[in-house]
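Asker: One line per chain: the protein sequences are A and B, in this order. First residue of the first sequence? That's 1 in UniProt numbering, and the numbers climb one at a time after it. First residue of the second sequence? That's 1 in UniProt numbering, and the numbers climb one at a time after it. Don't be surprised by glycine CBs; every beta carbon is placed ideally from N, CA and C.
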Amino acid sequence: MLQKIYDWIDDRVDISPLWRDIADHEVPEHVNPAHHFSAFVYCFGGLTFFVVVIQILSGMFLTMYYVPDIENAWKSVYYLQTEVAHGQIVRGMHHWGASVVIVMLLLHTLRVFFQGAYKKPRELNWIVGVLLFFVMLGLGFTGYLLPWDNKAYFATQVGLEIAEQVPFMGQQIKTLLAGDANIVGAQTLTRFFAIHVFFLPAALFGLMAAHFILIRRQGISGPL
Amino acid sequence: MHKGKGMKFVGDSRISAERKPNIPKDYSEYPGRTEAFWPNFLLKEWLAGSVFLVGFMCLTLAHPSPLEGMADPTNAGYIPLPDWYFLFLYELLKYDFASGPFILLGILVIPGLAFGGLLLAPFLDKGPGRRPHQRPIAVGMMLLGLASVIWLTYESASHVDWAQRAEANKPIPPSEEVEIDKQDPGYAIYESNCMTCHGGDLSGGAAAPPLIGIDRSAEEIAKIAREGIGTMPADQFTGSDEELKKLADFIVSVNEQGN
Chain A
1 MLQKIYDWID DRVDISPLWR DIADHEVPEH VNPAHHFSAF VYCFGGLTFF VVVIQILSGM
61 FLTMYYVPDI ENAWKSVYYL QTEVAHGQIV RGMHHWGASV VIVMLLLHTL RVFFQGAYKK
121 PRELNWIVGV LLFFVMLGLG FTGYLLPWDN KAYFATQVGL EIAEQVPFMG QQIKTLLAGD
181 ANIVGAQTLT RFFAIHVFFL PAALFGLMAA HFILIRRQGI SGPL
Chain B
1 MHKGKGMKFV GDSRISAERK PNIPKDYSEY PGRTEAFWPN FLLKEWLAGS VFLVGFMCLT
61 LAHPSPLEGM ADPTNAGYIP LPDWYFLFLY ELLKYDFASG PFILLGILVI PGLAFGGLLL
121 APFLDKGPGR RPHQRPIAVG MMLLGLASVI WLTYESASHV DWAQRAEANK PIPPSEEVEI
181 DKQDPGYAIY ESNCMTCHGG DLSGGAAAPP LIGIDRSAEE IAKIAREGIG TMPADQFTGS
241 DEELKKLADF IVSVNEQGN
């Protein structure tokens, strides 16, 4: 039955090559912790992806309650935290996931760096990876404001003041992010929400796709 | 793959009508003890992922994510602090060589060199050797950068009393939110004696806890205002006894309203 469905789709869409690219490959001995326990260092990239998936799913559920507006943002988070069934857990996953993903990214970066795995022909994938790191820091910075509590507000104010001191275009950067040259307020919150939920995830997905396509193309780096 | 003349397509599409059986490649050509990704290795990955998920959920359940009081832009006493992974940049800006007239060094040059170097690492470290001892400069720079980041983060975080911060900035539940009668004679006394630390709406600040939702009598409040408590020094209140009574009654009235 399943085979028939597969054949029916394959006749029309030709998915066998896609399937081969995604799943049909060999895992070499030197990255398999079943053979060499020290190969657990190769898990960090996959765990980073795993936490990203947790972040996407928990974030999707958070937006079911969150209101990006200065009157209600904090109240909606408080309501989610105290009243909604499992709201505390979902918000906790998003909160701690944001920290854990940075830790996993760092470990993955260090593994690749110290193994010299970024050398020819993998230079481009390293650059995509560092860009992913920057996007993730951007997600951390913009997400920090969204609960609209005191630490969020004042940390963002400091961050924007630092951006303002960039020569020539500092004021423009600040206005672009905050929606106003001087006020950190309603506009800032909606802009950070849009950046956190639409702009940066779009960049994240594009870069992740490039990261994974490149690694399928080139294969994992060989043993040292 | 079969190309060119003689190819048969499904309908008018570009999909080959020739059925290719979905047989995996012969892995015997690969060296070493390789393993098929699907399904053998993926199953093991899922096991590792499950263990990770259990640890992650334990963390989440043991430590609910923090939430401070609603943002109050007029709260002048609040000491801002970024999330922990930005602390090293924040701490860097406190050094003399990275602040004041040298601020550009702190916000652009040093982080720019560090992160630019990271981004362009494959083009800076071009030698053929991959082992760490074959590229001492790259590895040395990375260790230096890593040590600086860890040191700066530690320096920044170790000077923060996290428990005291969390206590002082606890959110006030909306159900306990109170209307403060600013015409009350007690409020004027509050304004001149207590407001700088305890905030304009009694909600507390960086140096002092909120005065809403406390369970104390007027006498106890008056005693604390005179003699201090915890980190609060004595003699914060400098008015007459009559004013002190008005002040204590005012604070108690605000709290009664909350209940």
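1. May I ask you to list the residues that DSSP assigns as paired with S16/B?
2. Once the 5 residues before and after D149/A are set aside, which same chain residues still bring their CB inside 7 Å of it?
3. Quick test of your reading: V252/B and I212/B, contact by CB under 8 Å. State the CB separation rounded to the nearest angstrom.
4. With a cut-off of 8 Å on the beta carbons, I'd call G140/A and Y85/B a contact; round off their distance for me.
5. Any residues in the stretch 77-93 of chain A with a beta carbon nearer than 8 Å to a beta carbon of chain B? Which ones, in chain order?
6. Tell me the rounded alpha-carbon separation between G116/B and E91/B.
7. For V27/A, write down the residues that DSSP places opposite it in a beta bridge.
8. Would you identify the three-state DSSP class for I9/A, choosing helix, strand or coil?
9. Using the C-alpha atoms, what's the distance from M93/A back to A168/B?
10. Comparing C-alpha positions only, which one of G143/A, P167/A, A178/A sits nearest to Q157/A?
11. With a floor of 4 residues, list each alpha helix (DSSP H) that falls wholly inside the stretch 110-150 of chain B, ordered by position along the chain.
12. Could one say the Cβ of F212/A lies closer than 7 Å to chain C's Cβ atoms, at least one of them?
13. Counting only C-beta atoms, is W38/B closer than 7 Å to chain A at any point?
14. Please list the partners that W84/B has in chain A, where partner means a Cβ-to-Cβ separation under 9 Å.
15. Grab me the residues of A218/B's own chain with a C-beta within less than 6 Å of its C-beta, minus the 5 sequence neighbours each way, in chain order.
16. Assign W126/A to one of two classes, buried (16 or more other C-beta atoms within 10 Å of its C-beta) or exposed (fewer than that).
17. Name the chain B residues whose beta carbon is nearer than 9 Å to that of R191/A?
18. Can you round the beta-carbon distance between V77/A and P147/A to whole angstroms, since I take them to be within the 8 Å contact cut?
19. Mind checking whether the beta-carbon of P122/B lies closer than 6 Å to any heavy atom of the ligand FAD?
20. Quick one, are the C-beta atoms of E26/A and T60/B less than 7 Å apart?
21. Does any CB atom of chain B fall closer than 7 Å to the CB of I215/A?
22. According to DSSP, is D149/A part of a helix, a strand, or is it coil?
23. Between which residues of its own chain and A98/A is the CB-CB distance below 8 Å, once the five residues before and five after are set aside?
24. Any contact of the stretch 39-46 of chain B with the stretch 140-153 of chain B, i.e. 3+ C-beta pairs under 8 Å?
25. Assign G59/A to buried or exposed, taking buried as 16 or more other Cβ atoms, counted over all protein chains shown, within 10 Å of its Cβ.
26. P185/B lies in the alpha helix (DSSP H); which residues open and close that run?
27. For chain B, is any of its Cβ atoms less than 7 Å away from the one on E29/A?
28. Let's test the definition: count the other Cβ atoms within 10 Å of the Cβ of I224/B and tell me whether it reaches 16, buried, or not, exposed.
29. Going by DSSP in three states, I54/A sits in which element: helix, strand or coil?
30. Distance, Cα to Cα, L124/B vs F168/A?
31. Sort C194/B, F97/B, R216/B by Cα distance to A208/B and report the nearest one.
32. Count the other CB atoms, across all protein chains shown, that sit within 10 Å of the CB of H211/A; report buried if there are 16 or more and exposed otherwise.
33. Which residues mark the beginning and the end of the alpha helix (DSSP H) in which A117/A is found?
34. For the candidate residues T231/B, E220/B, I180/B, F88/B, whose alpha-carbon lies nearest to that of V254/B?
35. With 7 Å as the threshold, decide whether the Cβ of L107/A is near any Cβ in chain B.
36. Taking DSSP as the reference, what is the three-state secondary structure of residue 226/A?
Answerer: Taking the definition as stated:
1. F9/B
2. W74
3. Not really, about 11 Å apart at Cβ, beyond 8 Å.
4. Indeed, because the Cβ distance is near 6 Å, the residues count as touching under 8 Å.
5. V77, Y78, Q81, T82, Q88, I89, R91, G92, M93
6. Distance from the CA of G116/B to the CA of E91/B, rounded to the nearest whole angstrom, comes to 20 Å.
7. Per DSSP, E35/B.
8. In this structure, I9/A counts as helix in the three-state DSSP scheme.
9. 25 Å
10. A178/A
11. Those alpha helix (DSSP H) runs which fall completely within the stretch 110-150 of chain B and span 4+ residues are 110-119, 121-124.
12. Included in the structure are the protein chains A and B, with no chain C among them.
13. Interface with chain A (7 Å Cβ-Cβ cutoff): W38/B is included.
14. One finds S99, I102 in chain A with Cβ atoms closer than 9 Å to the Cβ of W84/B, taken in chain order.
15. A248, D249, V252
16. Taking all protein chains in view, the Cβ of W126/A is crowded by 16 or more other Cβ atoms within 10 Å, so the residue is classified as buried.
17. Those do not exist, as R191/A stays about 15 Å from chain B at its closest Cβ, beyond 9 Å.
18. 5 Å
19. You won't find the ligand FAD in this model; it holds no ligand whatsoever.
20. Between E26/A and T60/B, the gap from beta carbon to beta carbon reaches 7 Å or more.
21. Between I215/A and chain B, the shortest Cβ-Cβ separation is not below 7 Å.
22. strand
23. Q55, L139, G140, G143
24. no
25. buried
26. 185-193
27. yes
28. buried
29. helix
30. 29 Å
31. C194/B
32. buried
33. First-last for A117/A: undefined, no H or E at that position.
34. I180/B
35. no
36. Coverage of chain A is limited to positions 1 through 224, which leaves residue 226/A absent and any answer about it impossible.
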